[in-house]
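In what follows, a structure is listed as structure tokens, so that the remarks can point back to it.
4 protein chains.
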Amino acid sequence: MEIKLKTTKKPNLHKPILICGMPGSGYVGKIAIDYLVKQFNGKQICHIESNLFPPQVIIKNDGTSENIKYKIYKLENKTNKRDLLILTGESQPTTSESNYLISEKIIEYINKIGVKEVYTLAAYITGAFVKQPKVFGTSTHIERIKQMKKNGIVIMKEGIITGMNGLLIGIAKIHGIKGTALLGETSGYVFDHNSSKAVLQSLNKLLKMNINTEYLNVKAKANDELLSQIEQMKQTNENEGIKYEENKDLQYIS
Amino acid sequence: MEIKLKTTKKPNLHKPILICGMPGSGYVGKIAIDYLVKQFNGKQICHIESNLFPPQVIIKNDGTSENIKYKIYKLENKTNKRDLLILTGESQPTTSESNYLISEKIIEYINKIGVKEVYTLAAYITGAFVKQPKVFGTSTHIERIKQMKKNGIVIMKEGIITGMNGLLIGIAKIHGIKGTALLGETSGYVFDHNSSKAVLQSLNKLLKMNINTEYLNVKAKANDELLSQIEQMKQTNENEGIKYEENKDLQYIS
Amino acid sequence: MEIKLKTTKKPNLHKPILICGMPGSGYVGKIAIDYLVKQFNGKQICHIESNLFPPQVIIKNDGTSENIKYKIYKLENKTNKRDLLILTGESQPTTSESNYLISEKIIEYINKIGVKEVYTLAAYITGAFVKQPKVFGTSTHIERIKQMKKNGIVIMKEGIITGMNGLLIGIAKIHGIKGTALLGETSGYVFDHNSSKAVLQSLNKLLKMNINTEYLNVKAKANDELLSQIEQMKQTNENEGIKYEENKDLQYIS
Amino acid sequence: MEIKLKTTKKPNLHKPILICGMPGSGYVGKIAIDYLVKQFNGKQICHIESNLFPPQVIIKNDGTSENIKYKIYKLENKTNKRDLLILTGESQPTTSESNYLISEKIIEYINKIGVKEVYTLAAYITGAFVKQPKVFGTSTHIERIKQMKKNGIVIMKEGIITGMNGLLIGIAKIHGIKGTALLGETSGYVFDHNSSKAVLQSLNKLLKMNINTEYLNVKAKANDELLSQIEQMKQTNENEGIKYEENKDLQYIS
Numbered sequence: 606m607e608i609k610l611k612t613t614k615k616p617n618l619h620k621p622i623l624i625c626g627m628p629g630s631g632y633v634g635k636i637a638i639d640y641l642v643k644q645f646n647g648k649q650i651c652h653i654e655s656n657l658f659p660p661q662v663i664i665k666n667d668g669t670s671e672n673i674k675y676k677i678y679k680l681e682n683k684t685n686k687r688d689l690l691i692l693t694g695e696s697q698p699t700t701s702e703s704n705y706l707i708s709e710k711i712i713e714y715i716n717k718i719g720v721k722e723v724y725t726l727a728a729y730i731t732g733a734f735v736k737q738p739k740v741f742g743t744s745t746h747i748e749r750i751k752q753m754k755k756n757g758i759v760i761m762k763e764g765i766i767t768g769m770n771g772l773l774i775g776i777a778k779i780h781g782i783k784g785t786a787l788l789g790e791t792s793g794y795v796f797d798h799n800s801s802k803a804v805l806q807s808l809n810k811l812l813k814m815n816i817n818t819e820y821l822n823v824k825a826k827a828n829d830e831l832l833s834q835i836e837q838m839k840q841t842n843e844n845e846g847i848k849y850e851e852n853k854d855l856q857y858i859s
Numbered sequence: 606m607e608i609k610l611k612t613t614k615k616p617n618l619h620k621p622i623l624i625c626g627m628p629g630s631g632y633v634g635k636i637a638i639d640y641l642v643k644q645f646n647g648k649q650i651c652h653i654e655s656n657l658f659p660p661q662v663i664i665k666n667d668g669t670s671e672n673i674k675y676k677i678y679k680l681e682n683k684t685n686k687r688d689l690l691i692l693t694g695e696s697q698p699t700t701s702e703s704n705y706l707i708s709e710k711i712i713e714y715i716n717k718i719g720v721k722e723v724y725t726l727a728a729y730i731t732g733a734f735v736k737q738p739k740v741f742g743t744s745t746h747i748e749r750i751k752q753m754k755k756n757g758i759v760i761m762k763e764g765i766i767t768g769m770n771g772l773l774i775g776i777a778k779i780h781g782i783k784g785t786a787l788l789g790e791t792s793g794y795v796f797d798h799n800s801s802k803a804v805l806q807s808l809n810k811l812l813k814m815n816i817n818t819e820y821l822n823v824k825a826k827a828n829d830e831l832l833s834q835i836e837q838m839k840q841t842n843e844n845e846g847i848k849y850e851e852n853k854d855l856q857y858i859s
Numbered sequence: 606m607e608i609k610l611k612t613t614k615k616p617n618l619h620k621p622i623l624i625c626g627m628p629g630s631g632y633v634g635k636i637a638i639d640y641l642v643k644q645f646n647g648k649q650i651c652h653i654e655s656n657l658f659p660p661q662v663i664i665k666n667d668g669t670s671e672n673i674k675y676k677i678y679k680l681e682n683k684t685n686k687r688d689l690l691i692l693t694g695e696s697q698p699t700t701s702e703s704n705y706l707i708s709e710k711i712i713e714y715i716n717k718i719g720v721k722e723v724y725t726l727a728a729y730i731t732g733a734f735v736k737q738p739k740v741f742g743t744s745t746h747i748e749r750i751k752q753m754k755k756n757g758i759v760i761m762k763e764g765i766i767t768g769m770n771g772l773l774i775g776i777a778k779i780h781g782i783k784g785t786a787l788l789g790e791t792s793g794y795v796f797d798h799n800s801s802k803a804v805l806q807s808l809n810k811l812l813k814m815n816i817n818t819e820y821l822n823v824k825a826k827a828n829d830e831l832l833s834q835i836e837q838m839k840q841t842n843e844n845e846g847i848k849y850e851e852n853k854d855l856q857y858i859s
Numbered sequence: 606m607e608i609k610l611k612t613t614k615k616p617n618l619h620k621p622i623l624i625c626g627m628p629g630s631g632y633v634g635k636i637a638i639d640y641l642v643k644q645f646n647g648k649q650i651c652h653i654e655s656n657l658f659p660p661q662v663i664i665k666n667d668g669t670s671e672n673i674k675y676k677i678y679k680l681e682n683k684t685n686k687r688d689l690l691i692l693t694g695e696s697q698p699t700t701s702e703s704n705y706l707i708s709e710k711i712i713e714y715i716n717k718i719g720v721k722e723v724y725t726l727a728a729y730i731t732g733a734f735v736k737q738p739k740v741f742g743t744s745t746h747i748e749r750i751k752q753m754k755k756n757g758i759v760i761m762k763e764g765i766i767t768g769m770n771g772l773l774i775g776i777a778k779i780h781g782i783k784g785t786a787l788l789g790e791t792s793g794y795v796f797d798h799n800s801s802k803a804v805l806q807s808l809n810k811l812l813k814m815n816i817n818t819e820y821l822n823v824k825a826k827a828n829d830e831l832l833s834q835i836e837q838m839k840q841t842n843e844n845e846g847i848k849y850e851e852n853k854d855l856q857y858i859s
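Just so you know, the sequences run in chain order A, B, C and D.
If you number the first sequence the way our numbering does, the last residue is 859 and the count never jumps.
If you number the second sequence the way our numbering does, the last residue is 859 and the count never jumps.
If you number the third sequence the way our numbering does, the last residue is 859 and the count never jumps.
If you number the fourth sequence the way our numbering does, the last residue is 859 and the count never jumps.
Below, the structure is given as structure tokens:
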């Protein structure tokens with residue numbers, strides 16, 4: 606087993622923060638992360654190769670294909686003069702142990718380059734469609750819990766976060782790094798740009814990044830229209846005596 | 606792969622016994638174990654970190670989250686002046702091998718600190734609801750079989766116990782430590798406080814711990830009411846010619 | 606990972622042959638093997654412990670339980686003055702790799718004690734009930750194919766044998782040991798003593814062991830009665846225009 | 606874990622190209638590869654044994670059986686005086702990591718014997734039956750994309766290729782070897798000789814191998830007849846108002 610980090614050059618960083626988003630249900634975190642890389646013109650500073658990733662090649666837009674890689678970008682945006690790094694990849698490791706090994710390697714690396722705080726962006730699955738998705742949060746440090754409360758983020762009281770979005774903050778803590786997870790409420794049935802937008806707005810409040818979520822509106826609006834149609838259908842059916850039950854109890858986090 | 610035991614200090618123990626309960630169907634063992642830690646004011650003497658656990662962080666009541674850890678507590682209660690230790694965790698390892706590796710590590714540690722006897726508390730799944738759950742038992746040593754018989758525990762004659770609740774007693778034996786498993790009869794469909802109570806009462810007879818199971822009664826009573834309702838429904842339905850068949854053959858142990 | 610062979614003493618063997626049977630569909634091989642150990646008063650000469658086995662303890666008839674072990678017995682019966690060894694266990698390893706590692710370890714051991722030939726007894730699943738199960742065969746060496754043909758065993762022309770019943774003969778070959786698999790036709794739906802009996806009769810012809818399969822008749826007869834009832838039901842139903850189709854194409858070997 | 610390459614002798618090769626086909630949905634790649642070995646009288650130059658393969662023995666036509674092996678053949682055909690090597694096997698490794706480890710070992714070996722280009726033949730699953738299957742392509746190098754376009758191969762713009770057919774080209778790239786995958790359109794429901802034929806015709810255009818696909822016609826024709834019958838059924842049903850919807854969105858590659 607091996608994990609190779611290939612760093613393009615030693616990055617010159619000021620009090621860096623790492624923000625992570627991996628593919629998962631609803632692609633909430635991944636959509637948000639890709640948006641950040643694009644808006645703030647992310648420059649790749651590191652990529653990770655490993656035989657612990659799923660055994661796949663990814664086909665790109667120009668027809669070429671390559672092995673799965675995780676990439677770390679440095680954004681041009683600076684929050685309070687702090688540098689922002691982004692970690693993302695095309696898929697999560699498939700076994701329990703490879704999740705740990707890759708997360709540990711990443712935390713070791715960011716520890717070395719001076720990162721003292723990690724955020725992971727993920728999904729909070731409810732099985733129900735909502736117009737204004739809530740953002741849920743948990744953190745390894747109690748001061749972040751307080752800060753999130755002040756910023757309208759719903760604090761989680763129980764449950765688990767599975768996969769790298771959870772492990773990265775858990776392992777961060779062991780290395781003395783603060784870890785915080787922001788989870789956008791989503792049905793889990795569709796690519797949920799609305800939920801990604803909500804997560805970015807919460808992140809914006811916490812980090813004061815000047816994220817412009819406007820460009821997400823087009824796709825988010827399409828989501829809204831889908832919701833309206835579903836609502837209409839339900840209205841019609843309810844008028845006709847058919848009852849829909851949204852499963853409000855169902856909660857799965859990934 | 607690694608398993609780290611972090612002991613708070615060298616515990617001063619007199620003829621210690623280890624009692625284990627892990628999450629599983631019906632949560633019979635886990636509920637019982639948590640009850641013991643609470644009633645007898647358990648003090649943590651060791652925790653175990655490992656990348657063999659499921660890749661998750663657990664969210665606590667105050668909103669903070671941390672990696673999965675196994676914990677060993679020392680109870681204030683003493684049985685015949687013997688110290689009682691408790692082992693529990695939030696979830697079982699996911700692969701065959703990690704079950705072995707973690708169980709071996711734990712048995713090695715308790716061997717070192719002088720434990721000569723291990724009890725595991727688990728569930729005996731029947732698929733049927735019962736008002737007075739039986740307690741089933743097996744042991745690595747024939748003298749425990751005899752003692753269990755005298756105390757109203759049903760001795761198992763065949764079958765398997767899967768996961769750490771089984772492995773811990775099997776590996777204990779290899780190290781010259783007595784291992785005994787107590788399994789509470791349960792449907793497997795609900796958190797079964799009634800079954801946990803029955804298991805604790807059997808443990809009480811064997812170890813004379815002065816366990817006060819009264820506080821389990823509230824939740825156990827709720828179970829009973831659920832059962833009564835199910836019974837009533839069946840009565841009504843049977844009067845109307847609908848027949849329920851409880852699957853009395855189904856037996857799965859975890 | 607580790608596999609420990611514990612040999613009771615260096616066995617004094619004359620041109621030994623190893624016969625193996627592991628649990629699998631229909632338990633055809635396992636029933637046959639257990640029958641041989643009982644009839645020929647097998648004495649255990651080796652047991653194997655490993656953390657590659659399923660994470661379980663097995664409960665025995667007296668109520669005691671212990672870890673899964675593989676055992677090698679020496680039979681009192683001798684074929685042309687050749688010693689007969691039996692390998693069996695309570696369950697097969699769960700991962701691909703552990704199947705290989707354990708099979709390799711066993712073949713290395715039997716190679717060291719002079720075994721030059723291995724037989725594995727297994728099931729040939731058809732999904733159909735038959736009164737007189739055929740026995741199918743394959744071997745790593747062409748001379749065994751010829752010998753099996755002469756003895757009424759149906760030679761397989763394609764397919765795979767999965768698990769240790771297959772791997773043991775494949776790895777045997779790599780070490781210069783002849784490997785032969787005998788597979789009893791079975792529906793796969795029930796413990797098939799009839800099929801085990803047929804396999805033992807074929808083995809008897811090949812090894813001239815004087816196996817008395819009479820004691821299997823009681824249970825095999827129960828199978829036969831079950832078959833008769835199924836036949837009757839089919840007759841009745843066909844008379845009433847209902848048609849059963851036995852899936853004669855379905856072939857799965859384990 | 607181990608992977609053993611057994612080379613029959615150091616092959617004398619001129620600018621060799623490796624063509625790979627593994628079993629997968631529709632057996633598109635495997636049928637094409639076996640056809641090449643037969644038509645061009647392939648001579649085995651290397652075989653690979655490993656305990657990372659599925660735990661099985663394969664039964665051959667003469668009744669004998671042996672462990673799973675991957676084999677590399679040298680064809681008698683030469684393209685522009687370049688030697689052609691073929692890699693195939695009976696099944697793909699079962700875990701993520703074993704897919705990587707075996708692919709890495711193979712790429713290391715072919716790198717050592719001078720291979721600078723790899724082709725993998727696989728299936729592009731659509732769930733729909735078509736008379737003239739398209740061939741889809743992706744490559745690690747943009748010049749191959751251009752060449753494929755000129756030769757009527759549909760360039761893929763997104764998606765993933767799972768298993769060794771993908772990994773081999775991805776890992777090839779890391780070692781400075783060009784990798785190209787050709788994927789034959791197929792329903793995924795049947796052994797699709799028609800699709801294999803299309804893939805070979807595309808390969809023929811790229812490598813100018815003088816592949817005579819005539820012998821595939823017999824079986825391909827049987828496929829066509831099957832298609833005609835399906836078409837007729839659909840016509841009849843549509844006339845009767847029943848509508849079939851071919852799932853044109855469904856795309857799974859293996």
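Backbone N, C-alpha and C define an ideal beta-carbon position, used for all residues, glycine too.
Fair warning: this is a prediction, and the values are worked out from it, not measured in the lab.
Is C:Thr699 close to chain B? Criterion is C-beta to C-beta, closer than 7 Å. Numbered from its first residue, the third sequence carries residue 699 of chain C at position 94. Judged by the 7 Å Cβ criterion, C:Thr699 is in contact with chain B.
Does DSSP classify D:Thr613 as helix, strand or coil? Numbered from its first residue, the fourth sequence carries residue 613 of chain D at position 8. DSSP places D:Thr613 in coil when its eight states are reduced to three.
Kindly identify the DSSP beta-bridge partner or partners of B:Thr743. Mapped onto the second sequence, residue 743 of chain B falls at position 138. DSSP output for B:Thr743 lists B:Ala786 as bridge partner(s).
Quick check on B:Asn704: buried or exposed, where buried means 16 or more other Cβ atoms within 10 Å of its Cβ? Walking along the second sequence from the start, residue 704 of chain B turns up at place 99. B:Asn704 comes out buried.
Are C:Val723 and C:Ile765 closer than 7 Å when you measure CB to CB? Along the third sequence, one-based indexing puts residue 723 of chain C at 118. Along the third sequence, one-based indexing puts residue 765 of chain C at 160. Contact flag unset, no.
Inter-stretch contact (C-beta, 8 Å, three-pair minimum) for the segment 635 to 647 of chain C and the segment 804 to 824 of chain C: Under the Cβ criterion (8 Å, minimum of three pairs), the segment 635 to 647 of chain C counts as touching the segment 804 to 824 of chain C.
Could you confirm whether any beta carbon from chain A is found closer than 7 Å to the beta carbon of D:Glu695? Along the fourth sequence, read from residue 1 onward, the residue named residue 695 of chain D stands at position 90. Chain A contact via Cβ: absent.
If you draw a straight line from the alpha carbon of C:Asp667 to that of B:Thr612, how long is it in whole angstroms? One-based indexing of the third sequence puts residue 667 of chain C at position 62. One-based indexing of the second sequence puts residue 612 of chain B at position 7. Between C:Asp667 and B:Thr612, the C-alpha separation is close to 38 Å.
Would B:Gly668 pass as an interface residue toward chain A - the criterion being a Cβ-Cβ separation below 7 Å? Position 63 of the second sequence, counted from the start, is the residue given in the question as residue 668 of chain B. Yes, B:Gly668 counts as interfacial toward chain A.
Would a C-beta distance cut-off of 7 Å place A:Leu692 and A:Leu788 closer than the cut-off? As a first step, residue 692 of chain A is located in the first sequence; it is residue number 87 there, counting from the start. As a first step, residue 788 of chain A is located in the first sequence; it is residue number 183 there, counting from the start. Not closer than 7 Å, so no.
Look up C:Glu748 in the DSSP assignment and say whether it is helix, strand or coil. Taking the third sequence and counting its residues from 1, one reaches residue 748 of chain C at position 143. Note: C:Glu748 maps to helix in three-state DSSP.
Pull up the distance between the alpha-carbon of A:Lys762 and that of A:Lys754, whole angstroms please. Counted from its first residue, the first sequence places residue 762 of chain A at position 157. Counted from its first residue, the first sequence places residue 754 of chain A at position 149. C-alpha separation (whole angstroms): 13 Å.
Note the first and the last residue of the continuous alpha helix (DSSP H) segment covering C:Leu811. In the third sequence, residue 811 of chain C corresponds to position 206, counting from 1. Here the alpha helix (DSSP H) through C:Leu811 covers 798 to 812.
Suppose you measure from the CA of B:Ala777 to the CA of B:Gly768; what does that come to, to the nearest Å? To locate residue 777 of chain B, count along the second sequence from 1; it is residue 172. To locate residue 768 of chain B, count along the second sequence from 1; it is residue 163. B:Ala777 and B:Gly768: Cα-Cα distance of roughly 14 Å.
Beta-bridge partners of D:Thr725, as assigned by DSSP: For the purposes of this step, residue 725 of chain D is taken as the residue at position 120 of the fourth sequence. According to DSSP, which records beta bridges pairwise, D:Thr725 is partnered with D:Cys625, D:Ala786.
Beta-carbon separation (whole angstroms), B:Gly775 vs C:Glu681, contact threshold 8 Å: Taking the second sequence and counting its residues from 1, one reaches residue 775 of chain B at position 170. Taking the third sequence and counting its residues from 1, one reaches residue 681 of chain C at position 76. Not a contact, Cβ separation roughly 31 Å.
B:Leu772 and B:Ser708 closer than 7 Å at C-beta: Reading the second sequence from its first residue, position 167 is the one you call residue 772 of chain B. Reading the second sequence from its first residue, position 103 is the one you call residue 708 of chain B. Taking 7 Å as the Cβ cut-off, B:Leu772 and B:Ser708 qualify as a contacting pair.
Using only the alpha-carbon positions, how far apart do C:Met717 and C:Lys710 sit? Numbered from 1 along the third sequence, position 112 holds the residue referred to as residue 717 of chain C. Numbered from 1 along the third sequence, position 105 holds the residue referred to as residue 710 of chain C. First, the amino acid is wrong: residue 717 of chain C is Lys here, not Met. C:Lys717 and C:Lys710: Cα-Cα distance of roughly 11 Å.
Count the C-beta pairs between the segment 732 to 752 of chain C and the segment 730 to 739 of chain D that are closer than 8 Å, then say yes if the count reaches three, no if not. no
Length of the line joining the Cα atoms of D:Phe658 and C:Ile730: Numbered from its first residue, the fourth sequence carries residue 658 of chain D at position 53. Numbered from its first residue, the third sequence carries residue 730 of chain C at position 125. Answer to the nearest angstrom: the Cα atoms are 23 Å apart.
Are the C-beta of A:Ile664 and some C-beta of chain D separated by less than 7 Å? For the purposes of this step, residue 664 of chain A is identified with residue 59 of the first sequence, where counting begins at 1. Yes, because at least one Cβ of chain D sits closer than 7 Å to the Cβ of A:Ile664.
Among the candidates D:Lys802, D:Tyr678, D:Ile758, D:Gln837, whose CA atom is the shortest distance from the CA of D:Gly647? Here residue 647 of chain D refers to the residue found at position 42 when the fourth sequence is read from its first residue. Comparing Cα-Cα distances from D:Gly647 to each of D:Lys802, D:Tyr678, D:Ile758, D:Gln837, the minimum goes to D:Tyr678.
Could you work out which residue in B:His798, B:Leu689, B:Ser696 is closest to B:Val823 when comparing CA atoms only? The residue labelled residue 823 of chain B in the question sits at position 218 within the second sequence. Out of B:His798, B:Leu689, B:Ser696, B:His798 has the C-alpha closest to the C-alpha of B:Val823.
Given this structure, state the Cα-to-Cα distance separating A:Glu695 from D:Lys609, to the nearest angstrom. Numbered from 1 along the first sequence, position 90 holds the residue referred to as residue 695 of chain A. Numbered from 1 along the fourth sequence, position 4 holds the residue referred to as residue 609 of chain D. Their backbone Cα atoms lie some 32 Å apart in a straight line.
Taking all protein chains shown into account, do 16 or more other C-beta atoms lie within 10 angstroms of the C-beta of B:Lys635, making it buried, or fewer, making it exposed? Numbered from 1 along the second sequence, position 30 holds the residue referred to as residue 635 of chain B. With 16 or more Cβ atoms within 10 Å of its Cβ, B:Lys635 is classed as buried.
Within its chain, find whatever has a CB closer than 7 Å to the CB of C:Pro616; leave out the 5 residues flanking it on each side and keep chain order. As a position in the third sequence, residue 616 of chain C is number 11, starting the count at 1. The answer, listed in chain order, is Ile650, Lys679, Ile718.
So C:Gln649 contacts chain B; which residues on that side make the cut at Cβ distance below 7 Å? In the third sequence, counting from the first residue as 1, residue 649 of chain C sits at position 44. Neighbours of C:Gln649 on chain B: none; closest Cβ ~17 Å, over 7 Å.
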